[in-house]
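Taking it in order: structure first as structure tokens, then the write-up.
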Amino acid sequence: MQQVRSPYIRIGIHLLLIGWVIYSVTPFVWAIIGSFQRTVDAVAREPRFLPQVVVDNNVAIAVFLAVIVLTAYLATARSNAVALTTRNNVLAGLVAVVLAGGFLFITASATEDQIFPGRVENYRELWLNISAEEFAPVGIGLIALIVVLIIIGIAARRLPKYKTYIYVGIVVTIVGVILWLPNVVNFAEFYGFFLNSVIVTVGTVVISISIGCLAGYGLARYSGIAGVIILFAALAFRALPRMAFILPYYYFAQVSGLYDTYTLLIITFVAINQPFTIWMLRSFFMEIPRELEEAAMIDGCNRLTAFVRVIVPIVWPGIITTSLFTMLLAYNEFLLVRLLTSTLWTLPVGISRFTSGEDTRLIPLSNASAVSITIPLVLVIIFFQRYLIKGLAGGAVKG
Numbered sequence: 000m001q002q003v004r005s006p007y008i009r010i011g012i013h014l015l016l017i018g019w020v021i022y023s024v025t026p027f028v029w030a031i032i033g034s035f036q037r038t039v040d041a042v043a044r045e046p047r048f049l050p051q052v053v054v055d056n057n058v059a060i061a062v063f064l065a066v067i068v069l070t071a072y073l074a075t076a077r078s079n080a081v082a083l084t085t086r087n088n089v090l091a092g093l094v095a096v097v098l099a100g101g102f103l104f105i106t107a108s109a110t111e112d113q114i115f116p117g118r119v120e121n122y123r124e125l126w127l128n129i130s131a132e133e134f135a136p137v138g139i140g141l142i143a144l145i146v147v148l149i150i151i152g153i154a155a156r157r158l159p160k161y162k163t164y165i166y167v168g169i170v171v172t173i174v175g176v177i178l179w180l181p182n183v184v185n186f187a188e189f190y191g192f193f194l195n196s197v198i199v200t201v202g203t204v205v206i207s208i209s210i211g212c213l214a215g216y217g218l219a220r221y222s223g224i225a226g227v228i229i230l231f232a233a234l235a236f237r238a239l240p241r242m243a244f245i246l247p248y249y250y251f252a253q254v255s256g257l258y259d260t261y262t263l264l265i266i267t268f269v270a271i272n273q274p275f276t277i278w279m280l281r282s283f284f285m286e287i288p289r290e291l292e293e294a295a296m297i298d299g300c301n302r303l304t305a306f307v308r309v310i311v312p313i314v315w316p317g318i319i320t321t322s323l324f325t326m327l328l329a330y331n332e333f334l335l336v337r338l339l340t341s342t343l344w345t346l347p348v349g350i351s352r353f354t355s356g357e358d359t360r361l362i363p364l365s366n367a368s369a370v371s372i373t374i375p376l377v378l379v380i381i382f383f384q385r386y387l388i389k390g391l392a393g394g395a396v397k398g
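The structure is reproduced here in structure tokens:
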């Protein structure tokens, strides 16, 4: 493919991409801004899209945006092995200045009808049954704990021998704190939805990836007709619409007595998403030459030991990538959770009470809930972005 040399075409392509990015992020930005609105601002005849707090501190926000742009650029440059030359740094600085200047211009030229007094009360009402002052000591403690865990995680890189144990300890600590918090804080019902989502999603990912690794490895090494039949059967099962699963799984839930339980949700999500994990992981294992495991077996390993000690470390980025996609599928499931449970609702089902009906007072809460369920996913993906990039570059998606 030849490089596009016409400057007009290149400018057109860049403008198209910029427009598409703006269109794509508009719902998220809209939800963030709407989550700080009062009801009277949310239903105003004239759109109000700039919080007063932004206008009062627009210089600080502009500088903050510039720092974010520079940080993102440097992180991207390092992850992609781009030379941090003076020209690249100057380019990043110019982009940051342009964005900051544009933000200053927009906020400075805003009219009174476009401004509303921003507040975080919607998030407190969504998550807590207590006042912000009562939650402040616990919040400060949580922030301190997060900082300590981040420092420990960074320091673990210098201790490769104990790195795995340290990371496991960090994960166990986070899970323990999430489960322990309701004992000391009077949370609203939304926190229960969050706990349900965490339990169901983690259980689904662990079981689905464990089975998918073994199945994907076996199908990658077996070239008989039975393997082809299994793969196409899995693909056909995954292609079924969600409505096709409702009656059989609901009947199974009633007969087995598992209705409205975590077990039912987890095994249902595993069954639905297992074809996806098998196909994804099989494509990774197909890239691994057989000679590696054969050499390990010559050295005394059996097939399972060779798989665990030799193959799994090589395809670890692919396993993380598949886990993230499986997490997204399980975390955002709505229909099956709504029909197979009556109390153990997850976040997508829980926020439906804020988005249904005609009560305009729920509009800010619906925006706050949409932002709240997105933040955990964003944090997890940012934490594992290095493995995600390696996994996608390794060819899992094209497989």
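In numbering that gives the first Met the number 0, the protein residues as written are 0 to 398. Beta carbons: idealized from backbone N, C-alpha and C, even for Gly.
Between residue i and the rest of its own chain, which residues show a CB-CB distance below 7 Å, the 5 nearest in sequence each way excluded?
i	result
residue 370	30, 31, 34
residue 383	319, 323
residue 18	none
residue 397	Bear in mind that the predicted position of residue 397 carries a pLDDT of just 45, short of 50, making it too unreliable to give a figure here.
residue 360	38
residue 134	127, 184
Check each candidate in the options and name the one with the smallest Cα separation from residue i.
i	options	result
residue 125	192, 147, 146, 180	192
residue 305	174, 295, 312, 313	295
residue 317	203, 18, 390, 345	390
residue 337	241, 24, 149	241
residue 285	190, 222, 201, 385	222
residue 350	187, 15, 16	187
residue 41	387, 385, 366, 201	366
residue 205	341, 329, 334, 373	329
residue 239	375, 128, 275	275
residue 249	339, 310, 327, 171	339
residue 283	313, 272, 298	313
residue 378	207, 245, 327, 225	327
residue 289	217, 344, 229	217
residue 334	353, 243, 364	243
residue 170	184, 353, 144, 195	144
residue 127	189, 149, 298	189
residue 345	362, 361, 260	260
residue 348	245, 360, 234, 368	368
residue 373	226, 9, 10, 24	24
residue 228	362, 166, 278, 364	278
residue 341	251, 258, 375	258
residue 386	214, 271, 315, 209	315
residue 376	353, 256, 352, 325	325
residue 209	121, 272, 352	272
residue 151	139, 159, 165, 160	165
residue 172	149, 120, 154	149
Tell me where the alpha helix (DSSP H) around residue i begins and ends.
i	result
residue 366	362-382
residue 136	131-155
residue 244	242-255
residue 9	6-33
residue 161	From DSSP, residue 161 is part of no alpha helix (DSSP H); its letter is neither H nor E.
residue 354	351-354
residue 38	38-41
residue 308	Segment: none, residue 308 is in no alpha helix (DSSP H) and carries neither H nor E.
residue 325	315-330
residue 399	This structure does not reach residue 399, given that the chain is present from 0 up to 398, and the question cannot be answered.
residue 119	Residue 119 -> no alpha helix (DSSP H), and no H or E assigned at all.
residue 338	334-339
Near residue i, which residues of its chain fall below 8 Å by C-beta distance, leaving aside the five closest residues on each side in sequence?
i	result
residue 156	162
residue 28	none
residue 183	137
residue 176	141, 144
Please return the same chain residues whose Cβ sits closer than 6 Å to the Cβ of residue i, not counting the five positions on each side in sequence.
i	result
residue 332	none
residue 253	none
residue 300	none
residue 203	265, 268, 269, 329
residue 4	none
residue 82	Residue placement at residue 82 cannot be trusted, given a pLDDT of 47 that sits under 50; what the coordinates show is reported in the next sentence. Contacts found: none.
residue 362	41
residue 14	none
residue 395	Low confidence applies here, because residue 395 scores a pLDDT of 40, under 50, leaving its location unreliable; read the following figure in that light. The residues are 279, 282, 283, 317, 320.
Would you check whether the ligand ADP has a heavy atom nearer than 8 Å to the C-beta of residue i?
i	result
residue 346	The model on display carries no ligand, and the ligand ADP is accordingly not part of it.
Practice prompt. Answer yes if the segment 257-272 comes into contact with the segment 192-210, meaning at least three C-beta pairs across the two stretches below 8 Å, and no otherwise.
Written response: yes
Practice prompt. Any chance you could list the alpha helix (DSSP H) runs of at least 4 consecutive residues sitting entirely within the segment 173-237, in chain order?
Written response: 188-220
Worksheet item: Which runs of the beta strand (DSSP E) spanning at least 3 residues fall entirely within the segment 257-282, listed in chain order?
Response: none
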